[in-house]
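> In the working numbering, the protein residues as written are 685 to 1072.
Yeah, the Cβ is synthetic: ideal placement off N, Cα and C, and Gly gets one too.
Here it is: the structure, laid out below.
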Ligand SMILES: Cc1ncc(COP(=O)(O)O)c(C=O)c1O
């Protein structure tokens, strides 16, 4: 009866070293429909592969909102030191890192959860709190990772349109129903770069019932926090608000996978009941600790970003390209047609520059470019000028 499932025993491991998978009817019984219908996340293609395919010597990657300055200096030292201990499991409580974050934000370690990227924490929140008919309510044109995680959980995702490239909080509040369990807000928003203002947030949160959780994804917090009208969610301490931040963007540690969440200790306690015990790994934990100490690095990062933003905006204006004001380390441009997006993407690739088309985000006429180092921004502008 189970012969088909056992590819070793049945000998269905054929001569080409390929698996012979199940017939359609058996496959339908195996995989839940919501997984069958899911399209996996499409990351940018590896630059090594692109070099080979297009015959380009090297690429600059302005597609993933990473920090082109590279990791803070103390990180490699901390990692080298910790390497002798990697035959052991990580500290499951990540106590040193949680303590350091608690000191930074004037909270208790019990208010903090850490994970392999903030995306892992979003996944933990979904697995902890969503059940039955519970729905997640958010906007169109926001971080696609969330759409995927909700659908992968078999849960219903409800979205309202963006308003002038911003979260439409009135429409979101009006869409809360008896099944709404989580509201996801991204501030600043990826990919538009826009923010929800203080007044808007304060009006909105009054309309959210206490059993509805609000995820405030502040992955780009460090680039926006100096604006007086940016609502730093940690200043409010609502019992139903979970703040998410990451070491992947301003802190330059995307490859290590490290993010954290801050919330009431009861929420964190529930999340820790389902969290994989040994996330994040040892090297990510020590790297995070080292990165937190390097405040000068964050200042340099924010300064480089502000200068790069000014440079890019000047050139977009000169070229007549519509761009959206950004509070993050990227800028969204609107090229008005899908054909222009395709030609621009391909034309830039041929010149060794990768930026992000936003079809997957539901914005098919738009592209997002990460603000890089001066020489990267210059190379991008030079390549763009050749195409326009
Ligand atoms: C808004 C937002 N949230 C979360 C993430 C995921 O970050 P991490 O690398 O911490 O998983 C990203 C990454 O692009 C993002 O843009």
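Given a cut-off of 8 Å on the beta-carbon distance, is the pair residue 876 and residue 846 in contact?
Yes, they are a contact pair.
> Could you tell me whether any non-hydrogen atom of ligand 1 is closer than 7 Å to the CB of residue 992?
False, no ligand heavy atom lies under 7 Å from that Cβ.
> Would you identify the three-state DSSP class for residue 1055, choosing helix, strand or coil?
Looking at residue 1055 - three-state DSSP - the assignment turns out to be coil, as it is neither helix nor strand.
> Classify residue 823 as helix, strand or coil using the three-state DSSP reduction.
If DSSP states are grouped into helix, strand and coil, residue 823 belongs with the strands.
> Please list the terminal residues of the continuous beta strand (DSSP E) segment that includes residue 945.
Taken as a continuous stretch (DSSP letters only), the beta strand (DSSP E) holding residue 945 covers 943-946.
> Let me make sure I understand the geometry here. Which of 744, 953, 795 has the alpha-carbon closest to that of residue 812?
If we check each option's Cα against that of residue 812, 953 comes out closest.
> With distance defined between alpha-carbon atoms, name the residue in 996, 922, 965 nearest to residue 951.
It is 922 whose Cα lies nearest to the Cα of residue 951.
> Three-state secondary structure (DSSP) at residue 1006?
Residue 1006: strand per DSSP, three-state reduction.
> Short check: CB of residue 897 to CB of residue 866, under 8 Å?
Cβ distance < 8 Å, so residue 897 and residue 866 count as in contact.
> On the criterion of 16 or more Cβ atoms from any shown chain inside 10 Å, does residue 937 qualify as buried, or is it exposed?
Buried.
> Does the beta carbon of residue 903 fall short of 7 Å from some heavy atom of ligand 1?
Because some heavy atom of ligand 1 lies under 7 Å away, the Cβ of residue 903 counts as near it: yes.
> What does the alpha-carbon distance come out to for the pair residue 970 and residue 1069?
If you take the alpha carbons of residue 970 and residue 1069, they lie about 43 Å apart.
> Within the continuous beta strand (DSSP E) that includes residue 927, where are the two ends?
Note, residue 927: beta strand (DSSP E), 925-930.
> Mind checking who residue 901 pairs with in its DSSP beta bridge?
DSSP lists 870, 928 as partners of residue 901.
> Can you give me the C-alpha to C-alpha distance between residue 980 and residue 780, rounded to a whole angstrom?
C-alpha separation (whole angstroms): 21 Å.
> In terms of alpha-carbon separation, which member of 1030, 929, 828, 772 lies closest to residue 962?
Out of 1030, 929, 828, 772, 772 has the C-alpha closest to the C-alpha of residue 962.
> Give the DSSP-derived three-state secondary structure of residue 891 in the structure shown.
Residue state, collapsed to three classes: coil.
> Ends of the alpha helix (DSSP H) at residue 812?
That run of the alpha helix (DSSP H) goes 802-813.
> Run the CB neighbour count on residue 717, radius 10 Å, all protein chains shown included, and call it buried at 16 or more, exposed below.
That one is exposed.
> Quick one: does the C-beta of residue 917 sit closer than 7 Å to a heavy atom of ligand 1?
Every heavy atom of ligand 1 is 7 Å or more from the Cβ of residue 917, so no.
> Hey, would you say residue 930 sits closer than 8 Å to residue 943, going by beta carbons?
In this structure, residue 943 lies closer than 8 Å to residue 930 by Cβ.
> Counting only the same chain and skipping the five closest in sequence on each side, list residues whose C-beta sits under 8 Å from that of residue 753.
So the qualifying residues of the chain are 936, 981, 984, 985, 988, 1057.
> Report the option in 856, 825, 760 whose CA atom is closest to the CA atom of residue 1052.
Minimum Cα distance to residue 1052 is reached at 825.
> When the Cα atoms are used, what is the spatial distance from residue 829 to residue 1046?
One C-alpha to the other measures close to 13 Å.
> With contact counted as at least three CB pairs below 8 Å, one residue from each stretch, are the segment 807-821 and the segment 836-845 in contact?
Touching, yes, given that three or more Cβ pairs across the two stretches are closer than 8 Å.
> Measuring only from the beta carbon, is residue 938 closer than 7 Å to any heavy atom that is part of ligand 1?
Checking every heavy atom of ligand 1 against the Cβ of residue 938, one is found closer than 7 Å.
> Less than 7 Å between the CB of residue 827 and some heavy atom of ligand 1, yes or no?
Flag set: Cβ of residue 827 near ligand 1.
> Do residue 881 and residue 915 have their C-beta atoms within less than 8 Å of each other?
Yes, the Cβ-Cβ distance between residue 881 and residue 915 is below 8 Å.
> Terminal residues of the continuous beta strand (DSSP E) containing residue 841?
840-844 is the extent of the beta strand (DSSP E) around residue 841.
> What residue range does the alpha helix (DSSP H) around residue 1025 cover?
Residues 1022-1034.
> Check whether the Cβ atoms of residue 974 and residue 758 sit closer than 8 Å, and answer yes or no.
In contact: residue 974 and residue 758 (Cβ atoms closer than 8 Å).
> Below 8 Å on the Cβ atoms is my contact criterion, and I expect residue 888 with residue 857 to pass it. Report the Cβ-Cβ distance as a whole number of Å.
The Cβ separation is near 6 Å, so the contact holds.
> Three-state secondary structure (DSSP) at residue 690?
Bear in mind that the predicted position of residue 690 carries a pLDDT of just 47, short of 50, making it too unreliable to give a figure here.
> Do residue 770 and residue 960 have their C-beta atoms within less than 8 Å of each other?
Contact: no.
> According to DSSP, simplified to helix, strand and coil, what is residue 914?
The answer is coil: DSSP assigns residue 914 none of H, G, I, E or B.
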